[in-house]
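Colleague: Numbering (our numbering), first residue to last: 21 to 1182. Starting off with a structure, shown below.
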Amino acid sequence: MKSTRCVREELSVPQSKESDSMDQNPSSSFEEPLLVGLNDFIDQDFDIDDEEQEEEEVTIFSQSSPRLTVSCVSAHDYYKTIACVQSDVKVATQKLTALHCEFDQHVVQLFRSAKQTWQKDENDGASQSPVKLQCSAESDEQDEENACESGKQPNGNVNGDSHNNYDVNDNGRFKDALKELERKRRHPARLHPDIWYNDAGQLNDGPSCRCCWRARQKGISHGRYPGEARVEPCDPLSNNANRLHYYRVVIKPQANLFQKFSITEIEYKDKLYSFDGFGILSHEPIDRNMPLCRLNRWNIDYEVSLVEEVVPDFFSVRDLDLFWEYVFVELLELYDVKLFAANVEDGCPIFHVYPRFVCKRKEKTGCTQQMLPMSVVLEHLLQNCRLIFDQPAERGDFNDRINKQHLDKFSERLKGQVVANPWKRPVALRLDQLDRMQKAPDGYSVIVHFGRHPTVTTYAGTPEYQRAWKRFAKFRRVVMLQSYPRTEDRAKLAKMEAHLTELKAKNSVKRDLIMEVSCQDFMQTGIWSDVVQHCLILLVLLNHIRFHRCLRVFQQRIDYSFRKPSLLELAFTHPSYRADSGTNADHVRNVLNNCGLRQLEFGSKRTNPWNSRKRGVSCLVDVMSRMGEKKSRASSTVNNERLEYLGDAVIEFLTTIHLFYIFPDLEEGALAPYRTLMVQNSHLSKLAAKMGLDEFMLFAHGPDLCFEEDMRHAMANAFEAILGAVYLDGGVHVADRVFGRFLFPPDWNKALHWVWFHPPRHPLQQEYPDGDRHLIHQCPTLQKLTEFEQRIGVRFNHIRLLARAFTRKCVGYNFLTLGHNQRLEFLGDSVLQLVTTEYLYKHFPDHQEGHLSLLRSSLVNNRTQAVICDDLEIPNFILQPPAFLRNEPQELRMKDKADLVEAFLGALFVDHSLDYCAAFVRYCFLPRLKQFIEEQRWCDPKSQLQQCCLALRNPSGGDPDMPVYKVVCVEGPTNTRVYRVAVYFRGERLATGEGHSVKQAEMNAAKNALRAYRALFPQIFRNHNTSTAPPPTSSASFSSSLSNPVTDSHKITNNNGSGNGYYNTKNRGGSSNSNSSSSSSNSVIITTTITSSSSSSSSSTSSRRSRSRKRNCCSIINKKNIQRNNNDNGDRKNRNSICSNSSSCCATTSSSSTQGEKFELL
21 MKSTRCVREE LSVPQSKESD SMDQNPSSSF EEPLLVGLND FIDQDFDIDD EEQEEEEVTI
81 FSQSSPRLTV SCVSAHDYYK TIACVQSDVK VATQKLTALH CEFDQHVVQL FRSAKQTWQK
141 DENDGASQSP VKLQCSAESD EQDEENACES GKQPNGNVNG DSHNNYDVND NGRFKDALKE
201 LERKRRHPAR LHPDIWYNDA GQLNDGPSCR CCWRARQKGI SHGRYPGEAR VEPCDPLSNN
261 ANRLHYYRVV IKPQANLFQK FSITEIEYKD KLYSFDGFGI LSHEPIDRNM PLCRLNRWNI
321 DYEVSLVEEV VPDFFSVRDL DLFWEYVFVE LLELYDVKLF AANVEDGCPI FHVYPRFVCK
381 RKEKTGCTQQ MLPMSVVLEH LLQNCRLIFD QPAERGDFND RINKQHLDKF SERLKGQVVA
441 NPWKRPVALR LDQLDRMQKA PDGYSVIVHF GRHPTVTTYA GTPEYQRAWK RFAKFRRVVM
501 LQSYPRTEDR AKLAKMEAHL TELKAKNSVK RDLIMEVSCQ DFMQTGIWSD VVQHCLILLV
561 LLNHIRFHRC LRVFQQRIDY SFRKPSLLEL AFTHPSYRAD SGTNADHVRN VLNNCGLRQL
621 EFGSKRTNPW NSRKRGVSCL VDVMSRMGEK KSRASSTVNN ERLEYLGDAV IEFLTTIHLF
681 YIFPDLEEGA LAPYRTLMVQ NSHLSKLAAK MGLDEFMLFA HGPDLCFEED MRHAMANAFE
741 AILGAVYLDG GVHVADRVFG RFLFPPDWNK ALHWVWFHPP RHPLQQEYPD GDRHLIHQCP
801 TLQKLTEFEQ RIGVRFNHIR LLARAFTRKC VGYNFLTLGH NQRLEFLGDS VLQLVTTEYL
861 YKHFPDHQEG HLSLLRSSLV NNRTQAVICD DLEIPNFILQ PPAFLRNEPQ ELRMKDKADL
921 VEAFLGALFV DHSLDYCAAF VRYCFLPRLK QFIEEQRWCD PKSQLQQCCL ALRNPSGGDP
981 DMPVYKVVCV EGPTNTRVYR VAVYFRGERL ATGEGHSVKQ AEMNAAKNAL RAYRALFPQI
1041 FRNHNTSTAP PPTSSASFSS SLSNPVTDSH KITNNNGSGN GYYNTKNRGG SSNSNSSSSS
1101 SNSVIITTTI TSSSSSSSSS TSSRRSRSRK RNCCSIINKK NIQRNNNDNG DRKNRNSICS
1161 NSSSCCATTS SSSTQGEKFE LL
């Protein structure tokens, strides 16, 4: 730990991002040791002076290797040079123009004419129209025109809320999906009944967009990027080197991008050029501060970056447009990909895509890459666009017509190539095998393709199977928690499993399929699956760049530019959004199934599987047992839920401080309703609408956000996430400015806008603007408070603020403090919430918002603050009422002590800044966090007992048995009343507890029940003979620098349950013994130390006692089962004796168990 002098020098000049907007006076220099009085209960291994090191933003640009040289193969026959001002420009020759015409006529126009043929057949032979699954009712052009004129939703729906027009029933939606699948299966140009094709704006089972008409007019999900406009067309016969910016796309890792029989190669001048990915050409430079593009596909995390290079010489814009039209539109049928701005059909696309075919050579000076010109690529595609068997004679006997050896080479060369049939749907297909022996009915050889069915068409997609599987999984989990599963439960489990097998057998459609089609009319393309894999990842990158460009509009709207744009992207990401497709999700799946790699390499499950799974007791205990990181680290969560958790605290803090200053005469009870109205979701959704968040939100199409009520709730959450991102990126001053800018816009009400940003000072500060320390020698009360200042090392400029913080409401109004501390307590509560929330957000990156809330509630509750109040001896410094109003001295309650700590934080904030409050919290609150995690203080005893009882619920179903609490006794007068509560489970009393409130008594009763009857739950707690606790699960966690601030000898134990279980950390003498190693880093430990006067006995005796206690106590829990199995009186007597023996056994073992016994949670 650093010396006191270093700590004093650090906090005397707070290191903040920027000055707090609510700072009224600069902090004065310190003469006393800063916070020296707190050193006694600061954990020596907890580095409170660890400076926050800001994590650098990983941008989209990667460093190019200095030893890599890229050059282009010359093609002067197709391109000629024209000198320009900035750089030389290549333009097309007549030979290249002729190549364009030939490619367009023999390739592009061929596919277009074939498409028109099957579109006509589809219109003539379709027996039914597509099934409409949109939330809104059918709307035609006339409805949309009327809606535009009247401002209403089409079909008269004003709010876009269409619950009545959409069948949300699972069975109804499943039937509609099957109808749509059947319609597509009957398509006259369908290539095969088991392979699926793409339709513009359609999923496999219905429309891709189910939003109402009004919602479709804006939003990133509808292809409308704010700020995009028409791009002036480039010269189609030039490379436009003086206008375009070229970037090479780099994808890491290379898994599932290149495999054997899947590499596209072009032979040119006796050299082999392999496909090496894509390059993109943009009309405007890409921001260097743009974050890295990340996506997860096949359980592999990909990182897509850019390398800026010189614009290639030998290509023209017309070359790139023909390549895009042929590969992306005609072959892969990616109809929903639009590279133009919304409602723009002419001009130039936002990006041009350049396929890179390179020949790599290693030299002494480095690596050299020669890149093919686009003319060679187009010639390659043109030459390979021919029928697989272009002569009718080749349909005969292969052994007679063609040399067998030649045919083997021909089949091997076609293996893995993407072949196309323009007259069928889908157009392209990966050729896995060419069967020479088997013939189709038309005499052609057979193409074999290995693929997969869509999930909705298999047994796993039926609602009946899904419900049966959920019931089976739930019942199996309950049976596993039983100590001794019953025979009838095992039989029922086997019956449910047999029912699942029966449902699988009913549906003959399996996931994997082997498809055989005739090769008639199939054409070669000269493209293999590696091009397809790169194409689909490229779409994600293009959407990523377009989204971050449109965020510039939002940053101009809020008048702030983010230093970390990734925070802004995270704030707009709804939990339903998945950035792994870049376009219609079913289109991507169909293309990958039809043309992608056959054998994919799947990574292991996500490094942190809790990002997607947040339910279940096992998940909760596992996450909550993890210690925090010593240094802040970015979370792997890819949605805005954590930022929403932080932003909620930021908004509450901002509203609190403004209400505190603007209304100096209102008490806490009057300020709280104002704050509630300002922070509720209905108000935040209106502010989000002012900010236009619905134009930038990233969410998945579906029934979740298609209703206006759900959309408003999502917008309110996004607004909180935006404020959290602004706070992290720019500090509280910027967050306050952004929040006030939309709360009271200057063009709406200038007076309110001025008042919000110019709040008055505190009345005590207004009375003496330069400080009131000159009153100390005149007032004995203030002289006493200087002792407290010396104790904590903080010198107040307005010491009467400290006096007011220690003035309780019973004192009444006086001229020294001008009131009591209720308003300061109202302010300090928000300050404490913000400081702890920010710390938990930064240092617990693996925790979701629910887990962070549990940690925060355990850290800032009244019990923790009461202990801190006693440690600082604040009750010795509170102001006493006058003598004629003073009654008999009474001990402060827990709530009163917590109010004193919060009021002190409020006074510290008003007199100094938020940085001083953060330093106080780091000294007094955060060192206790490790203890709360190890002892599971985040889960109160009532919750623990309830979870244990749920584990013993009846597997056959029905409502589970829950613990019941009853008040059995009330003693004492009104002001010192003591309640006694008993807890019952299945009719048996487990324990009792006492407390000054019913809630406290219930907690103590549950705590005593868990201590006395821990063996009732054998599947949750397991005996450990070790006497030490295991280390944290992560070596990177900061728990290695934290030691237990107290020893077992100072632990407060109370068999009656009246103790609060906290440690008096002021007088510590020993050290903790929680540093032993564990054999498994994934085990979750709940440590329960049982004090005893008897010495430790042998481990075998303890084990026998534990097993006996489990057997006897389990008889109480399963009393109803014993009664059902024992019908005679003799058995009833035996059962009663067992119950009585179990009670005595529990009482005996609880007093004679060995010290240091631990129990591990499964």
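Backbone N, C-alpha and C define an ideal beta-carbon position, used for all residues, glycine too. In this text the structure is predicted, and so the values were computed from the model without any measurement.
#1: Could you tell me the distance, in whole angstroms, from the CA atom of V93 to the CA atom of L312?
#2: Give me the residue from L912, S282, Y267 and R942 with the minimum Cα distance to L925.
#3: According to DSSP, I320 sits in a beta bridge with which residue or residues?
#4: Just to confirm before moving on: does the CB-CB distance between V396 and A95 stay below 8 Å?
#5: Please state the DSSP three-state secondary structure of E77.
#6: From the DSSP output, read off the bridge partner residues of G1015.
#7: Quick one: complete alpha helix (DSSP H) runs, 4+ long, within the region 867 to 922?
#8: Have a look at F940 and L821 and give me their C-alpha separation to the nearest angstrom.
#9: Give me, in chain order, the residues of the same chain whose beta-carbon lies closer than 7 Å to that of V990; leave out the 5 immediate sequence neighbours on both sides.
#10: Mark G221 as exposed unless 16 or more other C-beta atoms lie within 10 angstroms of its C-beta, in which case mark it buried.
#11: Please classify D214: does DSSP put it in a helix, a strand, or coil?
#12: Whose C-alpha, out of S655, F762, N319 and Q390, is nearest the C-alpha of F622?
#13: Do H773 and F764 have their C-beta atoms within less than 8 Å of each other?
#14: Going by other Cβ atoms of all chains shown within 10 Å of its Cβ, with 16 needed for buried, is C405 buried or exposed?
#15: Compute the Euclidean distance between the alpha carbons of L872 and H554, then round it to the nearest angstrom.
#16: So, with DSSP's three-state summary, where would you put D339?
#17: Between the beta-carbon of T1012 and the beta-carbon of V987, is there less than 8 Å?
#18: Given this structure, state the Cα-to-Cα distance separating E71 from D550, to the nearest angstrom.
#19: According to the Cβ coordinates, are H720 and S596 closer than 8 Å?
#20: Can L704 be considered in contact with the ligand FMN, in the sense that its beta carbon sits closer than 7 Å to one or more heavy atoms?
#21: Kindly indicate which three-state DSSP category M543 falls into: helix, strand or coil?
#22: Could you compute how far the alpha carbon of I286 sits from the alpha carbon of E517?
#23: Going by CA-CA distance only, name the one from L852, R250 and V573 that's closest to A938.
#24: Which value, in whole angstroms, describes the spacing of the CA atoms of D960 and M1023?
#25: Name, in chain order, the residues that DSSP records as bridge partners for R781.
#26: Hey, how far is the Cα of M982 from the Cα of V498?
#27: Which residues in the same chain have their Cβ closer than 8 Å to the Cβ of R913, if we skip the five residues on either side of it in sequence?
#28: Are there 16 or more other CB atoms within 10 angstroms of the CB of V616, so buried, or fewer, so exposed?
#29: Measure from the alpha carbon of L686 to the alpha carbon of each residue in V324, S655 and L847, then state which is nearest.
#30: How far does the alpha helix (DSSP H) with L805 in it extend, from its first residue to its last?
#31: Are the beta-carbon atoms of F808 and F929 separated by less than 8 Å?
#32: Consult DSSP for A362 and reduce its assignment to one of helix, strand or coil.
#33: Considering only their Cβ atoms, is the gap separating N259 from K110 smaller than 8 Å?
#34: Which residue from R445, V447, P442 and V466 puts its Cα closest to that of Q453?
#35: So L686 is in the alpha helix (DSSP H); what residue range does that whole segment cover?
#36: Going by DSSP in three states, R957 sits in which element: helix, strand or coil?
Modeller: Checking against the coordinates, here is how it stands:
#1: Looking at the backbone, the Cα of V93 and that of L312 are separated by about 31 Å.
#2: That would be R942, whose Cα lies nearest to the Cα of L925.
#3: Paired residues: R317.
#4: In this structure, A95 lies closer than 8 Å to V396 by Cβ.
#5: It is coil, neither helix nor strand.
#6: BP columns for G1015 point to Y999.
#7: The qualifying runs are 869 to 880 and 882 to 891.
#8: Straight-line Cα distance between these residues: approximately 17 Å.
#9: Contacts found: R997 and Y999.
#10: The residue in question, G221, is exposed, as its Cβ has fewer than 16 Cβ neighbours within 10 Å.
#11: Coil.
#12: For the options S655, F762, N319 and Q390, the alpha carbon positioned closest to that of F622 is the one of N319.
#13: Judged by beta-carbon spacing, F764 lies within the 8 Å limit of H773, meaning their Cβ atoms are closer than that value.
#14: Buried: at least 16 other Cβ atoms inside 10 Å.
#15: The alpha-carbon atoms of L872 and H554 are separated by roughly 39 Å.
#16: Note: D339 maps to helix in three-state DSSP.
#17: A distance of 8 Å or more separates the beta carbons of T1012 and V987.
#18: Below a pLDDT of 50, predicted positions are generally treated as unreliable, and E71, at 47, falls in that range; no measurement from the model is reported.
#19: Note on identity: in this sequence residue 720 is Ala, with His being the wrong assignment. Going by C-beta atoms, A720 is nearer than 8 Å to S596.
#20: Absence of the ligand FMN is noted for the structure shown, with no ligands found whatsoever.
#21: Strand.
#22: Straight-line spacing of the CA atoms in I286 and E517 works out to 54 Å.
#23: Minimum Cα distance to A938 is reached at L852.
#24: Each residue's alpha carbon lies about 7 Å from the other.
#25: Answer by DSSP bridge pairing: none, since R781 is not bridged.
#26: Here the C-alpha atom of M982 lies approximately 15 Å from the C-alpha atom of V498.
#27: Only H1016 meet the Cβ criterion.
#28: In the sequence under discussion, the amino acid at residue 616 is Gly, which differs from the Val named in the question. Burial call: buried.
#29: It is L847 whose Cα lies nearest to the Cα of L686.
#30: Unbroken alpha helix (DSSP H) run through L805: P800 to I812.
#31: No Cβ-Cβ contact shorter than 8 Å links F808 with F929.
#32: Here A362 carries a coil assignment [DSSP, helix/strand/coil].
#33: With respect to the 8 Å criterion, K110 and N259 are classified as neighbours on the basis of their beta carbons.
#34: From the listed residues R445, V447, P442 and V466, the smallest Cα separation to Q453 is found for V466.
#35: Run containing L686: none; DSSP gives neither H nor E here.
#36: DSSP places R957 in coil when its eight states are reduced to three.
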